[in-house]
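Line order of the protein sequences matches chains Y and R.
Note that UniProt numbering numbers the first sequence so that position 2 is 2, with each residue one more than the last.
Note that UniProt numbering numbers the second sequence so that position 118 is 118, with each residue one more than the last.
Glycine included, each C-beta is placed from N, C-alpha and C at the ideal position.
Number of protein chains: 2
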Amino acid sequence: MKLYYDLMSQPSRAVYIFMKTTKIPFEDCKVDLRNGEHFADEYAEINPFRLVPVIDDGGFKLTESVAILRYLSRKYNVADHWYPKDLKVQARVDEYLEWQHLNTRINCAMYFQHKFLRPKMFGTKVNEKQVEQFFNRMETTLEQFETIWLKNNKPFLCGDQISIADVLAACELEQPSMAGYDVYEGRPLLAAWYKRVKDILNPHYNEGHKVVQTVREKFGGVVPAAKL
Amino acid sequence: MKLYYDLMSQPSRAVYIFMKTTKIPFEDCKVDLRNGEHFADEYAEINPFRLVPVIDDGGFKLTESVAILRYLSRKYNVADHWYPKDLKVQARVDEYLEWQHLNTRINCAMYFQHKFLRPKMFGTKVNEKQVEQFFNRMETTLEQFETIWLKNNKPFLCGDQISIADVLAACELEQPSMAGYDVYEGRPLLAAWYKRVKDILNPHYNEGHKVVQTVREKFGGVVPAAKL
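Structural data, given as structure tokens:
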């Protein structure tokens, strides 16, 4: 089993941390996005969409982090709570996994890209109006975490135990911290959830976020929920 | 089993057509989006995100069309090809289902909304520059259908047989037709795929698209792949 990834990519981190935590062995195939390795001719054979992460299971190449997390859970028969086999409990996990694409994923990523990544990469000025728009969308998503997903003091997003939904969400919510925004500030339910998730995923969670931490230190980011 | 839906919503149509085709009985709960029924107080109890479709299976409410299609496939044990139980074949279907959110879904919907829906609803002028941006993204997605998903003359998106991925994709690709754009024009592989999918899903496919056809006729839309 090969894993192609870059730890600057939040879905890559989710798959990496999940595999480390559940002790799924893999061959380490780093793809340096900053050096454009995903645009090399050879990489089209691995992923024609030129994204990470990708797994290659003896020639069976699979893209899309959510599909990968499901595949790994089933293939390695990991502890049931990660991706429950029960019809309804699984559907609840699926519900978050599908919801997040056009909410957590796009909103946090767009805020990060427009506030931080694009200006840094291309030397362009921050378009404050556009950033504000993405910020507001991200705020709506964060409010929905507290008022819908974690409603009634649910310990995890989809039930009483941690699932792949929590892993994916936590990694995504790290992204704005590099741009100086702590999503957990003033959101006690979300912050308590974050601590629970990290406690279960560590030491791999922190290890998988070393590069994120380096970027935060270098560019004036914030450590999320530092006061917890 | 109740189904809350509006046939103007493409994921609603996918679930509706799937249930009709696989003969899953449901109680018909129409939600009129144009009249804002999804913003009524009662609807927050059905879906706090105020979207359609939603199923209610004896009190178990589930949102997100992709999660719903998976749930229905498993609960009713429909013919295997719709959502295959084999690990790798299922992963291929999952791969499209996850990919489509930030590609087919968002790009076709944004083009439709900015070219057609918002100007019609709010009486605003079409922002041609923005429409062009969304059009170009949609074109990239459509090219990826032909060069990646349907590569090597694959009859369906994820293999030799129709799956829920094809149902979802076909319904999404109807949306631009209401804004006057035929996604199948000049794309023979995609057009042949569309015909195969419709042949299997009819008469329910056409029935589920009656309201789309009415909008096309009223506002100068085009019938997709009419020359086929």
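CA-CA distance, GLU185 of chain R to VAL126 of chain R, rounds to 24 angstroms. Fewer than three pairs of CB atoms, one per stretch, sit closer than 8 angstroms, so the stretch 117 to 133 of chain R makes no contact with the stretch 93 to 105 of chain Y. Nearest neighbour of PHE18 of chain Y by Cα position, chosen from Y:HIS101, Y:TYR43 and Y:GLU207, turns out to be Y:GLU207. A straight-line Cα-Cα distance of about 6 angstroms links ASP56 of chain R and MET1 of chain R. Here PRO155 of chain Y is actually not in contact with VAL183 of chain Y; their C-beta atoms are around 18 angstroms apart, not less than 8 angstroms. Around the beta carbon of GLY221 of chain Y, a 10 Å sphere encloses 16 or more other beta carbons of the protein chains shown; the residue is thus reported as buried. If only complete runs of 4 or more residues are kept, the UniProt domain "GST N-terminal" (1 to 80) of chain Y shows the alpha helix (DSSP H) at 10 to 21, 43 to 46 and 65 to 75, in order along the chain. Proximity of ASP94 of chain Y to chain R, defined by a Cβ-Cβ separation below 8 angstroms, is satisfied.
Below the 8 angstroms Cβ cutoff, chain R contributes no neighbours of TRP193 of chain Y, its closest Cβ being approximately 18 angstroms away. When DSSP states are grouped into helix, strand and coil, GLY220 of chain Y belongs to the coil group.
With respect to the C-alpha of LYS227 of chain Y, the residue from Y:TYR194, Y:HIS209 and Y:VAL215 having the closest C-alpha is Y:TYR194. In the three-state DSSP reduction, GLY186 of chain Y falls in the coil class, being neither helix nor strand. The shortest C-alpha to C-alpha distance from GLN144 of chain Y to any of Y:LEU157, Y:GLN133 and Y:PHE134 is the one to Y:LEU157. DSSP places GLY159 of chain R in the strand class (E or B) of the three-state scheme.
Annotated as proximal: CYS108 of chain Y and GLU172 of chain Y, with beta-carbon spacing under 8 angstroms.
Among the residues facing chain R, LYS88 of chain Y is included, as its CB has a counterpart in that chain under 8 angstroms away.
By the Cβ-count criterion, PHE112 of chain R is buried, with 16 or more other Cβ atoms from all chains shown falling within 10 Å of its own Cβ. Among the CB atoms of chain R, none fall inside 8 angstroms of the CB of TRP82 of chain Y. Between TYR5 of chain Y and VAL52 of chain Y, the beta carbon gap of about 5 angstroms places them in contact (Cβ cut-off 8 angstroms). Going by beta carbons, LEU168 of chain Y and LEU72 of chain Y fall outside the 8 angstroms limit. Contact between GLU174 of chain Y and HIS209 of chain Y is confirmed by a C-beta separation of about 6 angstroms, below the 8 angstroms threshold. Contact annotation, TRP82 of chain R with SER9 of chain R: C-beta distance approximately 21 angstroms; criterion of less than 8 angstroms not satisfied.
Closest in C-alpha terms to PHE134 of chain Y, from the list Y:TYR76, Y:ARG196, Y:PHE49 and Y:LEU102, comes Y:LEU102.
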